[in-house]
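The next block holds one structure in the form of structure tokens; read it before the comments.
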């Protein structure tokens with residue numbers, strides 16, 4: 242089983258909920274993105290949780306913070322992110338498209 246661990250991990254991606262478990266620079270979380278991992282505009286030595294990209298407002302459902310997203314990613318990547326529906330919690334899932 243350990244022999245195939247890298248094959249299994251290569252197929253796992255994240256379904257975004259609150260973003261507290263997902264590293265925006267290292268984890269696969271954007272459908273339609275090559276490898277599911279976005280390439281940032283600027284190198285960042287520190288992890289950035291997807292939760293930092295979500296705007297929380299008591300009056301409205303959580304939504305993507307476009308200003309923060311634009312600081313980190315290009316327009317092609319930005320086109321895929323708003324289509325991601327936010328759930329109640331982050332969930333790892335099996336990627337069947339590869």
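Residue numbers (this note's numbering): 242 to 339. Where a beta carbon is used, it is the ideal one built from N, C-alpha and C, also for glycine. This structure is a prediction, so every number in the text was calculated from the model and none was measured.
Since residue i and residue j are thought to touch, with beta carbons under 8 angstroms apart, how far apart are those beta carbons, to the nearest angstrom?
| i | j | result |
| --- | --- | --- |
| residue 329 | residue 255 | Actually they do not touch by this definition, with Cβ atoms about 14 angstroms apart. |
| residue 309 | residue 293 | 7 angstroms |
Here's a check: name, in chain order, each residue in its chain whose Cβ is nearer than 7 angstroms to the Cβ of residue i, leaving out the five neighbours to either side.
| i | result |
| --- | --- |
| residue 270 | 254, 255, 257, 263, 277 and 291 |
| residue 282 | 313, 314 and 315 |
| residue 311 | 319 |
Return the chain-ordered list of same chain residues with a C-beta closer than 6 angstroms to the C-beta of residue i, the five sequence neighbours on each side being excluded.
| i | result |
| --- | --- |
| residue 318 | 279 |
| residue 295 | 260 and 303 |
| residue 268 | 255 |
Using the rule of at least 16 other Cβ atoms within 10 Å of the residue's Cβ for burial, across every protein chain shown, is residue i buried or exposed?
| i | result |
| --- | --- |
| residue 265 | buried |
| residue 305 | buried |
Taking DSSP as the reference, what is the three-state secondary structure of residue i?
| i | result |
| --- | --- |
| residue 318 | helix |
| residue 270 | coil |
| residue 329 | coil |
| residue 323 | helix |
| residue 394 | Within the shown structure, residues of the chain are numbered from 242 to 339, placing residue 394 beyond reach of any answer. |
| residue 294 | helix |
| residue 257 | coil |
Just the Cα atoms here: how many angstroms apart are residue i and residue j?
| i | j | result |
| --- | --- | --- |
| residue 273 | residue 327 | 16 angstroms |
| residue 325 | residue 289 | 18 angstroms |
| residue 335 | residue 275 | 16 angstroms |
| residue 323 | residue 301 | 16 angstroms |
Kindly list the residues whose CB is nearer than 8 angstroms to the CB of residue i, restricted to its own chain and excluding five residues on each side of it in sequence; keep chain order.
| i | result |
| --- | --- |
| residue 297 | 303 |
| residue 321 | 271, 272, 273 and 274 |
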